[in-house]
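Q:
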């Protein structure tokens with residue numbers, strides 16, 4: 016049986032390009048004992064992967080050169096040597112940019128109950144993006160009714176869910192995004208209280224002061240150091256900055272990243288900055304999914320996906336994340 | 016009745032100097048209705064005051080030019096037009112660098128029970144330093160038995176109390192300080208598990224890696240951005256950095272401060288950075304003081320003060336804080 020996979024052959028400098036990856040075709044032998052053979056149906060395309068392509072230590076060890084690119088996926092079992100899984104089962108995992116993969120059952124999970132949501136929800140509302148938004152807003156951010164909340168990368172896969180969870184909890188939610196179409200979607204489709212189009216604002220400080228004359232209680236932050244440094248000037252006492260992503264910094268070596276200087280406000284306004292990784296909440300995934308399914312059924316949570324078709328489009332889809340031009344969460348589906 | 020006071024007449028650049036303050040003598044008229052006249056017995060000399068001398072916004076509004084310098088003090092009531100206070104009462108407040116002051120009863124507090132501790136404990140163990148160390152370690156830092164704790168400015172007024180509270184709670188406590196005498200005191204008198212003399216270490220990263228081969232759970236941080244940036248590389252998963260002071264940054268304008276870049280670890284290691292201001296815990300002061308008195312009585316908490324005598328020595332005592340050379344908390348007593 017033939018399969019294709021993308022290997023990381025070079026550590027990207029800046030935005031990952033086609034020469035950083037190699038499309039490799041190889042033959043799979045018979046399935047080894049205790050493994051499960053899966054065919055990938057959907058690949059999530061997430062900015063967080065960028066960190067693993069560098070050789071900096073992060074919560075995940077850097078991906079080794081020559082190995083297949085990792086990433087969250089949905090697949091179907093096509094052969095199983097584990098009694099708990101059978102051909103036809105839909106499963107999720109992180110086996111990454113491979114069309115067919117032999118994986119350990121410990122590294123895959125049966126798909127959770129979808130409650131009427133489409134397959135792609137397994138990589139969105141019911142997957143890591145939804146889990147991240149849920150625990151980021153509620154557990155780390157401790158968002159309360161009436162609080163003033165800012166979500167950056169608000170039109171993104173995680174940010175757009177975070178915005179809506181804020182609204183569900185009764186917060187005043189402002190979304191920050193780049194481009195008129197994203198901002199219109201946030202305002203008109205998600206019903207946010209305000210939007211900031213950072214491309215249309217010459218002075219972000221002035222925009223923040225206009226939208227948050229009394230300051231910000233909770234930030235759900237996806238951009239990086241420069242944004243955090245700006246936001247530190249606009250926080251209210253006891254404000255929380257949930258450090259969820261650093262999209263603008265992933266492509267920069269540490270010495271080129273913006274350095275955060277407005278830290279006097281951390282004491283002065285008793286601020287909390289805290290990072291989160293969704294996988295830490297593994298024992299509570301079902302708690303999040305129960306709420307998310309109910310909110311989605313009540314049309315309080317919607318998503319927008321852009322699905323490209325064809326395995327070979329993965330590197331391009333990934334690079335496009337850093338151009339920041341598209342509206343909707345990016346996925347690639349098997350042809 | 017004559018009194019003397021120090022006025023802020025210029026915003027200091029760098030370390031505050033004698034030309035930034037003016038010793039002013041003036042005559043007090045009869046005590047106004049509802050006020051209390053106090054004679055200052057002891058002035059606390061704290062690096063945190065430095066922030067208020069600049070015109071940057073902080074948790075306290077900047078001190079106006081021409082007004083008396085503020086700061087925590089202990090005094091004795093010499094005349095009262097408030098029925099709750101009488102001549103001879105020992106009180107604490109923040110009326111600052113004034114020998115005699117007419118203050119509102121709302122701005123002063125009767126001295127708490129000292130439990131055998133000396134008068135200066137009202138500005139140390141039982142005052143803001145003790146309260147800050149207590150809630151910083153236990154409430155913000157959530158220090159637990161067996162955890163690996165680093166306290167910076169460990170020989171300082173707040174840091175030395177924080178170190179000992181860490182030991183009382185069963186943590187492995189390392190103190191970071193500058194100079195052999197401070198480090199000897201931390202090791203021999205406070206019984207810390209390890210000390211790092213940052214002046215004797217050519218490479219702080221190497222020293223931290225040596226003392227914390229498995230990383231740091233909790234940092235009680237008093238120095239500022241450069242230190243935080245270094246420490247971010249040495250934290251364990253779910254580590255907490257209690258941002259308590261920024262002594263190295265107080266004297267720098269924001270654009271000259273070090274910028275924090277190692278923020279990838281905030282997500283990667285799920286770190287929490289959080290600032291605190293002791294006054295937020297006003298409703299819980301007695302909870303801290305009850306523990307502190309008991310620990311002091313059991314000789315588990317000791318302090319070291321350096322008391323200069325004479326009101327006129329305040330500006331010099333304050334400036335000396337930023338030279339970092341002295342061991343022991345600085346106080347000035349009335350002659």
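Residue numbers (the working numbering), protein chains in the order written: chain A, 16 to 350; chain B, 16 to 350. For every residue, glycine included, the Cβ atom is placed at its ideal position computed from N, Cα and C.
1) Assuming residue 303 of chain B and residue 87 of chain B make a contact with CB atoms under 8 Å, what is their CB distance in whole Å?
2) Does residue 278 of chain B come within less than 8 Å of chain A when only Cβ atoms are used?
3) Does the distance from the CB of residue 257 of chain A to the CB of residue 270 of chain A come in under 8 Å?
4) Are the CB atoms of residue 83 of chain A and residue 93 of chain A within a distance shorter than 8 Å?
5) Whose Cβ in chain B lies nearer than 7 Å to the Cβ of residue 273 of chain A?
6) What residues in its chain sit with their C-beta under 8 Å from that of residue 347 of chain B, if we drop five residues either side in the sequence?
7) My output table needs one value for residue 125 of chain B: the three-state DSSP class, helix, strand or coil.
8) Among B:253, B:123, B:45 and B:114, which residue has its Cα nearest to the Cα of residue 99 of chain B?
9) Does any residue of chain B bring its CB to less than 8 Å from the CB of residue 237 of chain A?
10) Below 7 Å between beta carbons is the criterion; list the residues of the segment 285–299 of chain B that meet it against any residue of chain A, in chain order.
11) Give me, in chain order, the residues of the same chain whose beta-carbon lies closer than 6 Å to that of residue 95 of chain A; leave out the 5 immediate sequence neighbours on both sides.
12) Assuming residue 48 of chain A is part of the alpha helix (DSSP H), what are its boundary residues?
13) Who are the near neighbours of residue 174 of chain B in its chain, counting only those whose CB is closer than 6 Å to its CB and skipping five residues on each side?
14) At 8 Å on the CB atoms, spell out the chain A contacts of residue 261 of chain B, in chain order.
15) Which class does residue 87 of chain A belong to by DSSP, given the choice of helix, strand or coil?
16) Chain B partners of residue 269 of chain A, CB-CB under 8 Å?
17) To the nearest angstrom, report how far apart residue 117 of chain B and residue 265 of chain B are at their CA atoms.
18) In the DSSP assignment, find the alpha helix (DSSP H) that holds residue 309 of chain B and state where it starts and stops.
19) Could you name the residues that DSSP lists as bridge partners for residue 39 of chain A?
20) Which residues of chain A have a Cβ atom closer than 9 Å to the Cβ of residue 240 of chain B, listed in chain order?
21) Between residue 193 of chain B and residue 241 of chain B, what straight-line distance do the alpha-carbon atoms span, to the nearest angstrom?
22) Could you check which residue in A:296, A:22 and A:337 has the C-alpha nearest to that of residue 352 of chain A?
23) Taking 8 Å as the cut-off, decide whether the C-beta atoms of residue 279 of chain B and residue 81 of chain A are in contact.
24) Determine, using beta-carbon pairs with one atom in the segment 185–202 of chain B and one in the segment 211–224 of chain B, whether at least three such pairs fall under 8 Å.
25) Please list, in chain order, the chain A residues whose beta carbon lies closer than 9 Å to that of residue 66 of chain B.
26) Closer than 6 Å by C-beta to residue 16 of chain A: which residues in its own chain qualify, once you throw out the five before and the five after it? Chain order, please.
27) Give the secondary structure of residue 182 of chain A by DSSP, where H, G and I count as helix, E and B as strand, and everything else as coil.
28) Are there 16 or more other CB atoms within 10 angstroms of the CB of residue 206 of chain B, so buried, or fewer, so exposed?
29) Among A:152, A:30 and A:23, which has the Cα closest to the Cα of residue 259 of chain A?
30) In the DSSP output, what is residue 248 of chain B paired with across the bridge?
31) Which runs of the beta strand (DSSP E), 3 residues or longer, sit entirely within the segment 98–174 of chain A?
32) Answer with buried or exposed for residue 386 of chain B, where buried requires no fewer than 16 other C-beta atoms within 10 angstroms of its C-beta.
33) What residues of chain A sit near residue 143 of chain B, judged by a beta carbon separation below 9 Å?
34) Pull up the DSSP beta-bridge partners for residue 236 of chain A, would you.
35) Helix, strand or coil for residue 59 of chain A, going by three-state DSSP, please let me know.
36) Looking at the C-beta of residue 258 of chain A, does it have a partner C-beta in chain B at a distance below 8 Å?
A: In brief:
1) Not confirmed; about 16 Å, so no contact.
2) Answer yes: the Cβ-Cβ gap between residue 278 of chain B and chain A drops below 8 Å somewhere.
3) By the CB criterion at 8 Å, residue 257 of chain A and residue 270 of chain A fall outside the cutoff.
4) The criterion of a C-beta distance shorter than 8 Å is not satisfied by residue 93 of chain A and residue 83 of chain A.
5) Taking a Cβ-Cβ threshold of 7 Å, the residues of chain B close to residue 273 of chain A are 274, in chain order.
6) For residue 347 of chain B, where only same-chain residues beyond five positions count, the Cβ hits under 8 Å are 57, 58, 60, 322, 323, 324, 325, 326, 328, 329 and 332.
7) When DSSP states are grouped into helix, strand and coil, residue 125 of chain B belongs to the strand group.
8) That would be B:123, whose Cα lies nearest to the Cα of residue 99 of chain B.
9) Chain B, which has no Cβ nearer than 8 Å to the Cβ of residue 237 of chain A, makes this no.
10) Listed by position, the residues of the segment 285–299 of chain B near chain A (Cβ gap below 7 Å) are 285, 286, 287, 288, 289, 290, 291, 292 and 295.
11) Within the same chain, Cβ atoms closer than 6 Å to the Cβ of residue 95 of chain A are found at 51 and 101, the five residues on either side in sequence being excluded.
12) Run containing residue 48 of chain A: none; DSSP gives neither H nor E here.
13) Answer for residue 174 of chain B: 166, 168 and 237, listed in chain order.
14) Near residue 261 of chain B (Cβ distances below 8 Å), the residues of chain A are 278, 279 and 282.
15) DSSP, reduced to helix, strand and coil, places residue 87 of chain A outside both helices and strands of the structure shown, so it counts as coil.
16) Ordered by position in chain B, the residues that pass the 8 Å Cβ test against residue 269 of chain A are 276, 277 and 279.
17) Those two C-alpha atoms are separated by around 30 Å.
18) Its alpha helix (DSSP H) spans residues 300–312.
19) Answer is A:20.
20) Using a Cβ-Cβ cut-off of 9 Å, residue 240 of chain B is close to 274, 275, 276 and 278 of chain A, given in chain order.
21) Each residue's Cα considered, the two are about 15 Å apart.
22) A question about residue 352 of chain A goes unanswered here, because the residues of chain A that appear run from 16 up to 350.
23) With a cutoff of 8 Å on beta-carbon distance, residue 279 of chain B and residue 81 of chain A are scored as not near each other.
24) Contact between the segment 185–202 of chain B and the segment 211–224 of chain B is present: 3 or more CB-CB pairs across the two stretches fall below 8 Å.
25) Against residue 66 of chain B, the close residues of chain A are 279, 282 and 283, in the order they occur along the chain (beta-carbon pairs closer than 9 Å).
26) Scanning its chain for C-beta atoms nearer than 6 Å, with the 5 sequence neighbours on each side dropped, one finds around residue 16 of chain A the residues 43, in chain order.
27) Per DSSP, reduced to three states, the secondary structure at residue 182 of chain A is helical.
28) Counting Cβ neighbours within 10 Å, residue 206 of chain B comes out exposed, since fewer than 16 surround it.
29) Nearest of A:152, A:30 and A:23 to residue 259 of chain A, Cα basis: A:152.
30) Beta-bridge annotation (DSSP): residue 248 of chain B is not paired with any residue.
31) Look at the segment 98–174 of chain A and you find these whole runs of beta strand (DSSP E), each 3 residues long or longer: 105–108, 115–118, 123–125 and 163–167.
32) No answer is possible for residue 386 of chain B: the residues shown for chain B start at 16 and end at 350.
33) The premise fails here: residue 143 of chain B is roughly 13 Å from chain A at the closest Cβ pair, so nothing lies under 9 Å.
34) Its beta-bridge partners are A:258.
35) Three-state result, residue 59 of chain A: strand.
36) With 8 Å as the cut-off, residue 258 of chain A counts as an interface residue toward chain B.
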